[in-house]
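*Asks:* Let me begin by handing over the structure; questions about it come next.
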Ligand code: HEM
Ligand code: HEM
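Quick look at the structure:
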C-alpha cells in the first residue's frame, strides 16, 4: 500500500469542504457590499445558510470516513507535526463550530432556517441576548479562521516550493487514485 498520500476519500472530502467553505465565505462577504434595499442581500444570506448546512453534513461524513478508512500515510514524528496537528484540530473545530453557531444564532433569534431548518432539533430558547452572543461568536470565529486557513495553506505551499518535501502530493487526488 502506498504510504505517501492520504486515502482518496480523505482527499475528496478535503477539497469538497474547501470549495464549500470558500463559497460560503464569498457569499456572506459579498452580502456586505449589496445595498440594504436590494433583494440580493437576503438571497446571498439565504444561500450562505444553505451552504453552511451542507458543510455541516459533509464534515460529519468526513469525520465518519476518517474513523473507518485506514489512512496509509506514514506520519513523521517531529515538532512540526505537532503544530500541524494543532492547526488541523482548530480547522475541524471551525468546520463544525461555524455551522452550529450559525444555526444557534437563527434559533435564538426565533427565525426560520431556510431549506433544512425543520430537521434540526430546537437547541435553544428565543432570546435577544443569546442571539447577540451567537452572532458575535459566529462572526468573530468566521473572521479569525482566515488566519488558520491562511497559515495552513501557506505551510503547504512553503513545504512544496521551499522545502520541496513532497507533502502536497499527500492531498492530491490524482496521485492517490493512481497509488491506491
Ligand atoms: C477551508 C480550507 C481548508 C481546510 C478547512 C483544510 C483542512 C485540512 C485538514 C483538517 C487536514 C488534515 C487531513 C484531514 O483530516 O482531512 C488538511 C490536510 C492538508 N491540507 Fe488542508 N484545508 C484547507 C485548505 C487547504 C489548502 C488551500 C491547501 C493547499 C494550498 C491545503 C493543503 C493541505 C495539505 C498538503 C494537507 C496534508 C497535510 C499533511 O498530512 O501533511 N489545504 N487540511
Ligand atoms: C462553515 C460554515 C459557515 C461559515 C464559514 C460561515 C461564515 C460566516 C461569516 C464569516 C460571517 C460574518 C460575515 C461578516 O463579517 O459580516 C457569517 C455571518 C452569518 N452567518 Fe455564517 N457561516 C457558516 C455557516 C452558517 C450557517 C449554517 C448559518 C445558519 C443556518 C449561518 C448564518 C449566518 C448569519 C445569519 C450571519 C449574519 C449575517 C448578517 O450579517 O446578517 N452561517 N457567517
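Numbering (our numbering), first residue to last: 4 to 183.
By construction, the Cβ of each residue, glycine as well, lies at the ideal position given by its N, Cα and C atoms.
Computed from a prediction, not measured in an experiment: that's the story for all the values here.
Helix, strand or coil: how does DSSP classify residue 76 here?
*Replies:* In the structure shown, residue 76 sits in coil (DSSP, three-state: anything other than H, G, I, E or B).
*Asks:* What did DSSP end up calling residue 27 once you bin it into helix, strand or coil?
*Replies:* Three-state DSSP puts residue 27 in a helix.
*Asks:* Where does residue 111 land, buried or exposed, given buried means 16+ other C-beta within 10 angstroms?
*Replies:* Classification of residue 111: buried, given that the 10 Å Cβ count is 16 or more.
*Asks:* Nearest to residue 45 by alpha carbon, out of 57, 32, 56?
*Replies:* Of the listed residues, the one whose Cα sits closest to residue 45 is 32.
*Asks:* Counting Cβ pairs closer than 8 Å, one from the segment 34-53 and one from the segment 86-99, do we hit at least three?
*Replies:* The segment 34-53 is not in contact with the segment 86-99.
*Asks:* For the segment 139-147 against the segment 97-104, do three or more pairs of beta-carbon atoms, one drawn from each stretch, fall closer than 8 Å, so that the two count as touching?
*Replies:* Flag = yes, the segment 139-147 and the segment 97-104 touch.
*Asks:* Between 34, 15, 39, which lies nearest to residue 66 when the distance is taken from Cα to Cα?
*Replies:* When each option's Cα is compared against that of residue 66, the closest is 15.
*Asks:* Near residue 30, what residues of its chain come up, given a Cβ to Cβ distance below 6 Å and the 5 sequence neighbours on each side ignored?
*Replies:* Closer than 6 Å at the Cβ level, and outside the excluded window around residue 30, lie 47, 50, 51.
*Asks:* For residue 97 versus residue 148, is the C-beta spacing smaller than 8 Å?
*Replies:* Yes, these two residues count as a Cβ contact at 8 Å.
*Asks:* What's the call for residue 4, buried or exposed, on a 16-neighbour Cβ count within 10 Å?
*Replies:* Residue placement at residue 4 cannot be trusted, given a pLDDT of 47 that sits under 50; what the coordinates show is reported in the next sentence. It counts as exposed.
*Asks:* Using alpha carbons as the reference points, say which of 117, 109, 69, 167 lies closest to residue 131.
*Replies:* With distances taken between Cα atoms, residue 131 lies closest to 109.
*Asks:* Just mark residue 56 as buried or exposed, buried being the case when its beta carbon has 16 or more other beta carbons within 10 Å.
*Replies:* Burial call: buried.
*Asks:* Figure out for me which residue from 174, 114, 95 has the closest Cα to the Cα of residue 127.
*Replies:* Out of 174, 114, 95, 114 has the C-alpha closest to the C-alpha of residue 127.
*Asks:* Return yes when the Cβ of residue 53 is within less than 8 Å of the Cβ of residue 124, no when it is not.
*Replies:* For residue 124 and residue 53, no; Cβs fall outside 8 Å.
*Asks:* Just to confirm, is the Cβ distance from residue 133 to residue 11 under 8 Å?
*Replies:* It is not a contact, given that the beta carbons lie outside the stated cut-off.
*Asks:* Please report the straight-line C-alpha distance between residue 7 and residue 135, rounded to a whole angstrom.
*Replies:* In a straight line, the C-alpha of residue 7 is about 46 Å away from that of residue 135.
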